[in-house]
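J.: Before I ask anything, let me first share the structure, which is written out below as structure tokens.
There are 2 protein chains.
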Amino acid sequence: MSDNFDPRRRQVLLGSAVALASASLLGLSPLSLAAEMPLPDYVNWKTPEALIVHSANTLETKRDAIGTSIVTSNEQLFIRNNLPPPPPSIVTDRDAWTVAFQGVKNPRSISLGELKTLGVQTVASVLQCSGNGRAFFEHEASGTQWETGAAGCVFWSGVPVKAVAEALGGIVDGLPYMTSTGGEELPAGLDPKSLMVERSVPMRALDQAILAWELNGEPLPLAHGGPLRLVIPGYYGVNNVKYVKQVAFTAEQTDAAIQASGYRIRPVGQPGAPDQPSMWEMNVKSWITQPLKQVKAGPVAIQGVAFGGAKEVKGVEVSLDGGKNWQAAPFVGPNLGQYAWRPFVLIVDLKPGNYSLMSRATDVEGNTQPQEGLANERGYGHNGWRDHGVGISIV
Amino acid sequence: MSDNFDPRRRQVLLGSAVALASASLLGLSPLSLAAEMPLPDYVNWKTPEALIVHSANTLETKRDAIGTSIVTSNEQLFIRNNLPPPPPSIVTDRDAWTVAFQGVKNPRSISLGELKTLGVQTVASVLQCSGNGRAFFEHEASGTQWETGAAGCVFWSGVPVKAVAEALGGIVDGLPYMTSTGGEELPAGLDPKSLMVERSVPMRALDQAILAWELNGEPLPLAHGGPLRLVIPGYYGVNNVKYVKQVAFTAEQTDAAIQASGYRIRPVGQPGAPDQPSMWEMNVKSWITQPLKQVKAGPVAIQGVAFGGAKEVKGVEVSLDGGKNWQAAPFVGPNLGQYAWRPFVLIVDLKPGNYSLMSRATDVEGNTQPQEGLANERGYGHNGWRDHGVGISIV
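These protein sequence lines are chains B and F, in that order. Counting along the first sequence from 1, when you hit position 186 you're at 186 in the working numbering, and nothing is skipped either side. Numbering-wise, the working numbering comes out as the position in the second sequence, counting from 1, plus 395.
As structure tokens, then:
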């Protein structure tokens, strides 16, 4: 939300419509206007001031819109949809949504209404797109040029997948993957496998996987996968299948393109293939959210967020000189568990001059962010601390 | 937020405008139309479906809008303003807002920009109006007839008041109260003391008091006291002074009516007076949020929230038979600290019939909700478990 919401929103919309029309006349690409694009209709309830609209299906949270109170509101949370969402009619009777279970001893479809009686868990976790930080790679990886804002920390409520599987007689032996299918509508005339959102994750993900119907205390919005989304805390966003209509325990990973060749780590220039590492567990990461520009000399609060990905974050350090010297920065607020991020605030007295602010997180197993991100064809998983640094001047 | 936000909101607004016009013609009281009143302009960014509009300054969260994912979103959080908020211009340059400190060794005004460099803390806490539950008292206490929805659990970020006092040389000795003044504009021609929001709390509140500028990850909205609000976790809402413009450590409690005679616990029929207990620390409380109506026989998830008020909640029990028998209900999700509430979910197999669902919380010091609320003139602090119960039929 924002104060004076409607008037400002209208100004933004009007301004953008005019800009867009002019651009069209001038033959400019939409990219050059990204910052001014209006919110797409299906997310018109989001806060325009907090978001960068890359396209109808890719909206990034502005770096300095992330605060210190841990949760990212639904209104500020990024959007990355591989396909347009289904029609809003699917959230008119939420409890009627069904998900088909396969690979269990008694396979059947279960309604959301029934799922709610099988168990409820609430977990705070970082939701992050595989390509968050892509803009920082030196090679021009194709895809949305996310900087830091394809990530947020939110509360999910839902039923553990494990509890559902148990209610269905247990998982059939010897099936090493959980394969889930999204409910997006596929355009006619194209090979469904080339477009469908169907992801496989290893069975270890079952320890924390939930089928979620609530986001930050509200019914899960359609734009974020409502009425029902598979959420695997600690895993990259793509594994969190929206409008989930099937969960199958399977012998093989799906051959859908999004799994077989997509979201694979490989050297720059190489095509994707099933034998390359898939974007499953997230790595340790942090970034500074404020200050991002010139500030006055004196005490300055350097703020940011740090998380361990699939493991709990242990600590974070801040450097004022581009990584030569580091000092520990304290976390603020309660620890929401291993999958959540922790805001940090370091207050330092700064004299006039230029500073290269960096942050570097370490998880409980001792993994520390590397200086450089690992270059890879699609620009996934960037957690290098140097590229996430911020140059500021103190006056 | 809600899906299909704009269209539905417009329908609500139109519907209400028509209803209101008809009511005016028919001479109906606004109360009878409460559920259909549109959102006031200054909170038009809230979710209409989740709220009951009692008046422009009193909006209640619907009982079943509270979910299991702990936080109450800004869009669903109740509103109770003693006076209309100041103009939105006070949040255009948030960091320029100033608060005057008195009763410290070096008294002066401090800008919000400077406060942010004195320390940052994040705390989750229940925000609850003193009159929450007033509708359940048998006598007709004047004031908004809140049921359960003048409460929410939110994250605040700000600077500890203690840190600010230390930066100003420390608190002058022998001052037992912290007295804070709100920045609301007062109507001309009336005694300011009769209307102003100025509250005194005992110095023990300093242990947890913060000056907050962020709510649930977003800049504190004007409607909730932005740019700066005094937040005292564990204390009733009225003590959390909005648009706070002065914090003074004082020898006496303020003689403003809101403190001297208002928000005092006294027998029904008696006027308020300074020697009666003030609405400071909150008491232990819980209520069921779902189900509230008829449901199908079989496994049913009974959900609710429980909190200890100023102390941490230890546990909660649920009764299906109006309080004859009780069973422990498990909490879900992480513990956000002593001032937060905890959602609970108890799944029980219910046969057809009528049930009186009750919940009863106990704090870490062993205080348990009483069966009856303590009747008092203004209907404050109701935490009796019987009146908070829910009658449902299983078919």
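Ideal Cβ positions, reconstructed from N, Cα and C, are used throughout, including at glycine.
Counting only beta-carbon separations shorter than 7 Å, does B:Thr-117 have a partner in chain F?
T.: At least one chain F Cβ lies under 7 Å of B:Thr-117.
J.: Examine the Cβ distances between the region 366-383 of chain B and the region 280-297 of chain B and report whether three or more of them are shorter than 8 Å.
T.: Because the criterion of three Cβ pairs below 8 Å is met, the region 366-383 of chain B and the region 280-297 of chain B touch.
J.: In the DSSP assignment, what residue or residues form a beta bridge with F:Pro-597?
T.: Paired residue(s): F:Tyr-572.
J.: Flag this pair as yes or no: are the beta carbons of F:Asp-488 and F:Gln-685 separated by less than 7 Å?
T.: Result no, Cβ atoms of F:Asp-488 and F:Gln-685 do not sit closer than 7 Å.
J.: Between B:Val-300 and B:Ala-306, is the Cβ-Cβ spacing less than 7 Å?
T.: Cβ distance not < 7 Å, so B:Val-300 and B:Ala-306 don't count as in contact.
J.: I'd like to know whether the C-beta atoms of B:Asp-349 and B:Phe-136 end up nearer to each other than 7 Å.
T.: No, the pair does not count as a contact, with Cβ atoms beyond the cut-off.
J.: What three-state label does DSSP hand B:Glu-185 in the structure shown?
T.: B:Glu-185: coil per DSSP, three-state reduction.
J.: Taking 7 Å as the threshold (beta carbon to beta carbon), is F:Gly-784 in contact with chain B?
T.: Cβ-Cβ to chain B under 7 Å: no for F:Gly-784.
J.: By the three-class DSSP mapping on this structure, what secondary structure does F:Glu-712 have?
T.: F:Glu-712: strand per DSSP, three-state reduction.
J.: Under a CB-based cut-off of 7 Å, is B:Thr-68 close to chain F?
T.: Cβ-Cβ to chain F under 7 Å: yes for B:Thr-68.
J.: Please classify B:Ser-69: is it buried, with 16 or more other beta-carbons within 10 angstroms of its beta-carbon, or exposed?
T.: It counts as buried.
J.: Taking C-beta to C-beta, are B:Gln-128 and B:Gly-226 nearer than 7 Å?
T.: Contact flag unset, no.
J.: Quick check on DSSP: helix, strand or coil for B:Asn-239?
T.: Correct three-state label for B:Asn-239: helix.
J.: Let me see if you follow: with CB-CB separation under 7 Å, is F:Ser-788 close to chain B or not?
T.: Cβ-Cβ to chain B under 7 Å: no for F:Ser-788.
J.: Quick one: grab the DSSP three-state call for F:His-449.
T.: Three-state result, F:His-449: strand.
J.: How should B:Pro-233 be labelled, buried or exposed, when 16 other C-beta atoms within 10 angstroms of its C-beta is the threshold for buried?
T.: Burial call: buried.
J.: Whole angstroms are fine: how far does the CA of F:Leu-731 sit from the CA of B:Ile-110?
T.: Those two C-alpha atoms are separated by around 32 Å.
J.: Taking buried to mean at least 16 other C-beta atoms within 10 Å of its own C-beta, is B:Leu-190 buried or exposed?
T.: It counts as exposed.
J.: According to DSSP, is B:Gly-113 helix, strand or coil?
T.: Helix at B:Gly-113.
J.: Going residue by residue through the region 280-367 of chain B, where are the continuous beta strand (DSSP E) segments of at least 3 residues, counting only ones entirely within it?
T.: Qualifying beta strand (DSSP E) stretches, in chain order: 285-290, 298-307, 313-319, 342-350 and 353-363.
J.: Taking just the CA atoms, how far does F:Asn-477 sit from F:Val-448?
T.: Near 15 Å, if we compare the C-alpha coordinates of F:Asn-477 and F:Val-448.
J.: Just to confirm, are F:Thr-512 and B:Ile-347 a CB contact at a threshold of 7 Å?
T.: In contact: F:Thr-512 and B:Ile-347 (Cβ atoms closer than 7 Å).
J.: CB B:Val-295 to CB B:Asn-239, shorter than 7 Å?
T.: No, the Cβ-Cβ distance between B:Val-295 and B:Asn-239 is not below 7 Å.
J.: Kindly indicate which three-state DSSP category F:Gln-603 falls into: helix, strand or coil?
T.: In the structure shown, F:Gln-603 sits in coil (DSSP, three-state: anything other than H, G, I, E or B).
J.: How would you label F:Lys-719, buried or exposed, when you count the other beta carbons within 10 angstroms and need 16 or more for buried?
T.: So F:Lys-719 counts as exposed.
J.: Determine whether the Cβ of B:Ala-218 lies closer than 7 Å to any Cβ atom of chain F.
T.: Sequence check: residue 218 of chain B is Glu here, not Ala. With 7 Å as the cut-off, B:Glu-218 counts as an interface residue toward chain F.
J.: Between the C-alpha atoms of B:Gly-113 and F:Ile-461, what's the straight-line distance to the nearest angstrom?
T.: For B:Gly-113 and F:Ile-461, the distance between alpha carbons rounds to 17 Å.
J.: Who are the Cβ neighbours of B:Ala-96 in its own chain at under 8 Å, not counting the five residues just before and after it?
T.: Around B:Ala-96: Ser-111, Leu-112 and Gly-113.
J.: Please list, in chain order, the chain F residues whose beta carbon lies closer than 7 Å to that of B:Pro-334.
T.: In chain order: Ala-519, Leu-731 and Gly-732.
J.: Give me the Cα-Cα distance between B:Lys-162 and B:Val-123, rounded to the nearest whole angstrom.
T.: Answer to the nearest angstrom: the Cα atoms are 15 Å apart.
J.: Along the chain, where does the alpha helix (DSSP H) that runs through B:Ala-165 open and close?
T.: Start and end: 161-167.
J.: Could you work out which residues of chain B lie near F:Gln-516, taking near to mean beta carbons separated by less than 8 Å?
T.: Chain B residues near F:Gln-516: Val-332 and Gly-333.
J.: From the beta carbon of F:Ala-696, is the nearest beta carbon of chain B less than 7 Å away?
T.: Closer than 7 Å to some Cβ of chain B, the Cβ of F:Ala-696 qualifies, so yes.
J.: Quick one, which residues of the region 146-169 of chain B are near chain F if we go by CB-CB under 7 Å, in chain order?
T.: Listed in sequence order: Phe-155, Trp-156 and Ser-157.
J.: What is the residue span of the alpha helix (DSSP H) that B:Ala-257 lies within?
T.: Unbroken alpha helix (DSSP H) run through B:Ala-257: 257-260.
J.: Apart from the five residues on each side of it in sequence, which residues of its chain come closer than 7 Å, Cβ to Cβ, to B:Leu-25?
T.: Confidence in B:Leu-25 is poor, its pLDDT being 37 and thus under 50, which makes the residue's placement too unreliable to answer from.
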